[in-house]
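Engineer: Quick one: the structure is below, questions incoming.
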Amino acid sequence: MLSWKTSSGLCGLLMKSLGHFVVLSSLYPLVSGYSERERVHDLMSRYPLIDGHNDLALQLRILHNNRLSQIDLHNVSRVATDISRLQAGHVQAQMFAVYVMCGAQEKDAVRLTLEQIDVVRRMCTEYKDFELVTSVQELKNSKLRHKIACLISIEGGHSIDSSLPALRMFYQLGVRSMALTHTCNTPWAESSSKLYKVFQRQNNSLTPFGEAVVGEMNRLGMIVDLSHTSWGTVMAVLRHSKAPVIFSHSSSYSICNHSRNVPDWLLKELKKKRGLIMVNLHSRFISCKDEANISRVADHFDHIKTVIGAESIGIGGDYEGAVSFPQGLEDVSKYPALIQELLRRNWTENELANVLRRNFLQLFEEVERVRDEMNTEPPSEVQVPAEEVHNSCRLDLRPPDRRGPPADQNPSSGAQQRPRGLLILAIVLLMSSLLMID
28 MLSWKTSSGL CGLLMKSLGH FVVLSSLYPL VSGYSERERV HDLMSRYPLI
78 DGHNDLALQL RILHNNRLSQ IDLHNVSRVA TDISRLQAGH VQAQMFAVYV
128 MCGAQEKDAV RLTLEQIDVV RRMCTEYKDF ELVTSVQELK NSKLRHKIAC
178 LISIEGGHSI DSSLPALRMF YQLGVRSMAL THTCNTPWAE SSSKLYKVFQ
228 RQNNSLTPFG EAVVGEMNRL GMIVDLSHTS WGTVMAVLRH SKAPVIFSHS
278 SSYSICNHSR NVPDWLLKEL KKKRGLIMVN LHSRFISCKD EANISRVADH
328 FDHIKTVIGA ESIGIGGDYE GAVSFPQGLE DVSKYPALIQ ELLRRNWTEN
378 ELANVLRRNF LQLFEEVERV RDEMNTEPPS EVQVPAEEVH NSCRLDLRPP
428 DRRGPPADQN PSSGAQQRPR GLLILAIVLL MSSLLMID
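Each residue of the sequence shown is one higher than the last, beginning at 28 in our numbering.
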């Protein structure tokens with residue numbers, strides 16, 4: 028039997044321990060939060076993000092007319108992306124979109140695209156923190172050199188003006204991905220948007236020339252991007268492409284039924300093709316309204332993982348291309364907050380390493396493998412039928428007919444009118460002279 032003193036001592040010790048427990052319990056959220064942040068930092072340091080879509084080049088044109096000499100890309104106001112914030116967000120590779128508006132189709136889209144490629148190449152070669160890359164190996168090497176790798180992607184097939192030679196020249200300039208459409212149809216592929224009433228056709232979402240575009244992209248080693256395309260075009264591409272494809276910035280249609288998002292049945296078809304959906308963070312595609320939060324973003328990741336697995340998911344933020352982003356994800360520096368939320372939802376570090384970069388690297392390697400298998404095939408010489416483009420800006424390359432007057436010369440005008448005028452003048456003079464004789 029315990030003595031009174033012993034019992035009293037035990038009670039005091041118990042009360043003291045209980046007090047310590049209460050103090051520790053009150054500190055737990057702070058300690059726990061800190062450890063989560065540290066865990067995210069460690070994970071993203073080992074597996075820094077490859078982001079599938081960013082429209083900084085578009086904002087450089089809109090805000091600065093592409094005059095890089097007027098700004099410092101380490102700290103840029105009025106945008107969500109600069110070097111300092113990319114580094115804070117553990118973004119090690121960025122797919123920079125080269126985008127020109129659909130209004131340029133049948134006009135100067137190729138010139139504008141060249142100018143946008145120029146500004147991406149300039150910023151990624153003039154700043155030592157950036158490095159322009161064009162292959163999987165270069166992408167891996169850039170991580171070892173602690174550089175932010177720049178990949179160039181054309182956003183919208185109207186940029187090639189229905190020309191496979193133009194597509195090949197863009198590849199030579201460093202382009203490694205292209206979205207087949209933006210918000211407008213091209214003569215050969217169909218958009219998910221109904222904004223522009225151009226090149227409309229029934230039951231023909233990918234024409235034979237469109238298949239030739241996909242085939243030539245496979246041969247070159249250029250990633251086919253299906254964000255912005257119609258579901259019919261997606262299915263046609265999945266049937267035709269020899270290489271896996273991506274949605275560079277799209278989310279789950281089941282969570283938000285926006286036409287830019289991907290339904291479950293199409294996700295399953297993408298999975299069969301070993302493709303990748305890189306989740307878009309734009310609030311409109313996350314919550315179907317202008318406001319959203321990180322939890323709602325994580326719902327998209329959870330749902331897609333349930334349908335096709337974490338090995339088919341990436342991240343394509345769409346910063347600079349959209350106007351509203353979820354609270355807590357306002358700019359590219361906030362990516363760790365998203366990863367922290369997914370860790371709280373019991374995503375494993377291995378799954379997140381795949382989402383952050385390994386899935387994209389594996390897909391890019393497969394695209395290059397298909398390219399190598401096709402290296403004996405000559406460049407495609409398929410041309411788009413003239414009746415499909417009906418573009419008045421295209422020059423007819425036939426020499427002028429030198430046997431007759433120039434095409435813009437009216438036969439009843441000019442030199443042919445002068446003899447008739449002289450004859451009339453002669454008659455008038457003759458009649459005048461006869462009257463004078465009388």
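For each residue, glycine too, the CB sits at the ideal point set by N, CA and C.
If we count the other Cβ atoms within 10 Å of its Cβ and call it buried at 16 or more, is Gln143 buried or exposed?
Structural biologist: It counts as buried.
Engineer: Tell me whether the beta-carbon of Val163 lies closer than 8 Å to the beta-carbon of Leu207.
Structural biologist: No. Outside cutoff.
Engineer: If I measure Cβ to Cβ from Val146 and keep anything under 6 Å in the same chain, skipping five residues before and after, which residues do I get?
Structural biologist: The answer, listed in chain order, is Ala84, Leu87, Asn93.
Engineer: Determine the contact status of Pro363 and Leu308, defining contact as a CB-CB distance below 8 Å.
Structural biologist: Cβ distance not < 8 Å, so Pro363 and Leu308 don't count as in contact.
Engineer: If you check the beta carbons only, do Met71 and Leu383 fall under 8 Å apart?
Structural biologist: For Met71 and Leu383, yes; Cβs fall inside 8 Å.
Engineer: On the premise that Ser180 lies in contact with Val160, defined as a C-beta separation below 8 Å, what is that separation, rounded to the nearest angstrom?
Structural biologist: Incorrect: roughly 12 Å between the Cβ atoms, too far for contact.
Engineer: Within 10 angstroms of its Cβ, does Asp78 collect 16 or more other Cβ (buried), or is it exposed?
Structural biologist: Classification for Asp78: buried.
Engineer: List the residues that DSSP assigns as beta-bridge partners of Thr256.
Structural biologist: DSSP, once it has assigned bridges, lists Ser218 as partnering Thr256.
Engineer: Please state the DSSP three-state secondary structure of Pro56.
Structural biologist: With a pLDDT of 43 at Pro56, under the threshold of 50, the predicted position of this residue should be treated as unreliable, though the coordinate-derived value follows. Helix, per DSSP.
Engineer: What is the DSSP secondary structure of Glu368, reduced to helix, strand or coil?
Structural biologist: Helix at Glu368.
Engineer: So the beta strand (DSSP E) Ser310 belongs to, where does it begin and stop?
Structural biologist: That residue, Ser310, is in no beta strand (DSSP E); its alpha helix (DSSP H) goes 310-313.
Engineer: Within its chain, find whatever has a CB closer than 6 Å to the CB of Glu415; leave out the 5 residues flanking it on each side and keep chain order.
Structural biologist: For Glu415, where only same-chain residues beyond five positions count, the Cβ hits under 6 Å are Pro214.
Engineer: Can you give the Cα-Cα distance for Glu357 and Arg64, rounded to whole angstroms?
Structural biologist: So the alpha carbons of these two residues sit roughly 18 Å apart.
Engineer: Between the C-alpha atoms of Leu265 and Leu293, what's the straight-line distance to the nearest angstrom?
Structural biologist: Spanning the two alpha carbons is a distance of roughly 10 Å.
Engineer: Quick one: grab the DSSP three-state call for Val397.
Structural biologist: Here Val397 sits in helix by DSSP.
Engineer: Assign Gly341 to buried or exposed, taking buried as 16 or more other Cβ atoms, counted over all protein chains shown, within 10 Å of its Cβ.
Structural biologist: Gly341 comes out buried.
Engineer: What's the gap between the Cα of Val334 and the Cα of Ala193?
Structural biologist: Distance between the alpha carbons of Val334 and Ala193 is about 38 Å.
Engineer: Could you check whether Val118 and Leu370 sit closer than 8 Å to each other, using their CB atoms as the reference points?
Structural biologist: Going by C-beta atoms, Leu370 is not nearer than 8 Å to Val118.
Engineer: Contact defined as beta carbons within less than 8 Å: I believe Ser339 pairs with Leu303. What is the distance between those atoms, to the nearest angstrom?
Structural biologist: About 6 Å separates the two Cβ atoms, so the contact holds.
Engineer: What are the residues that DSSP puts in a beta bridge with Val382?
Structural biologist: Looking at the DSSP assignment, Val382 forms no beta bridge with any residue, so it has no partner.
Engineer: State the CB to CB distance for the pair Thr256 and Glu217, rounded to an integer number of angstroms; the pair is presumed to be in contact (CB under 8 Å).
Structural biologist: Confirmed, Cβ separation roughly 7 Å.
Engineer: With a cut-off of 8 Å on the beta carbons, I'd call Asn102 and Glu347 a contact; round off their distance for me.
Structural biologist: Not a contact, Cβ separation roughly 15 Å.
Engineer: Relative to the C-alpha of His327, which candidate in Glu318, Val289, Ile187 has its C-alpha closest?
Structural biologist: Selected option, being the one with the closest Cα: Val289.
Engineer: Strictly by DSSP, which residues pair up with Gln121?
Structural biologist: Answer is Asp78, Cys177.
Engineer: Is the beta carbon of Leu372 less than 8 Å from the beta carbon of Asp329?
Structural biologist: This sequence places Arg at residue 372; Leu is not what is there. Yes. Within cutoff.
Engineer: Please state the DSSP three-state secondary structure of Leu424.
Structural biologist: Looking at Leu424 - three-state DSSP - the assignment turns out to be coil, as it is neither helix nor strand.
Engineer: When you compare only the Cα positions, how much space is there between Glu133 and Val225?
Structural biologist: Using only the alpha carbons, I get a separation of about 11 Å.
Engineer: Taking only three categories from DSSP, how would you classify Arg203?
Structural biologist: Strand at Arg203.
Engineer: Pop quiz: Met262 and Met205 are said to be a contact at Cβ under 8 Å. What is the actual Cβ separation, rounded to whole angstroms?
Structural biologist: So it is not a contact: roughly 19 Å between Cβ atoms.
Engineer: Cβ of Ala270 within 8 Å of Cβ of Glu392?
Structural biologist: Contact: no.
Engineer: Could you tell me the alpha carbon to alpha carbon distance between Lys361 and Val241, rounded to whole angstroms?
Structural biologist: Those two C-alpha atoms are separated by around 35 Å.
Engineer: Whole angstroms is fine: what's the gap from Tyr280's alpha carbon to Asn418's?
Structural biologist: Answer to the nearest angstrom: the Cα atoms are 35 Å apart.
Engineer: Along the chain, where does the beta strand (DSSP E) that runs through Gly467 open and close?
Structural biologist: The question about residue 467 has no answer, for the chain in this structure spans 28 to 465.
Engineer: Looking only at its chain, what residues have a beta carbon closer than 6 Å to the beta carbon of Glu368, apart from the 5 residues adjacent to it on each side?
Structural biologist: Within the same chain, Glu368 has close Cβ partners Ile321, Ala325.
Engineer: Which residues mark the beginning and the end of the alpha helix (DSSP H) in which Leu139 is found?
Structural biologist: Unbroken alpha helix (DSSP H) run through Leu139: 136-153.
Engineer: Taking the C-alpha atoms as reference points, what is the distance between Asp135 and Leu113?
Structural biologist: The alpha-carbon atoms of Asp135 and Leu113 are separated by roughly 32 Å.
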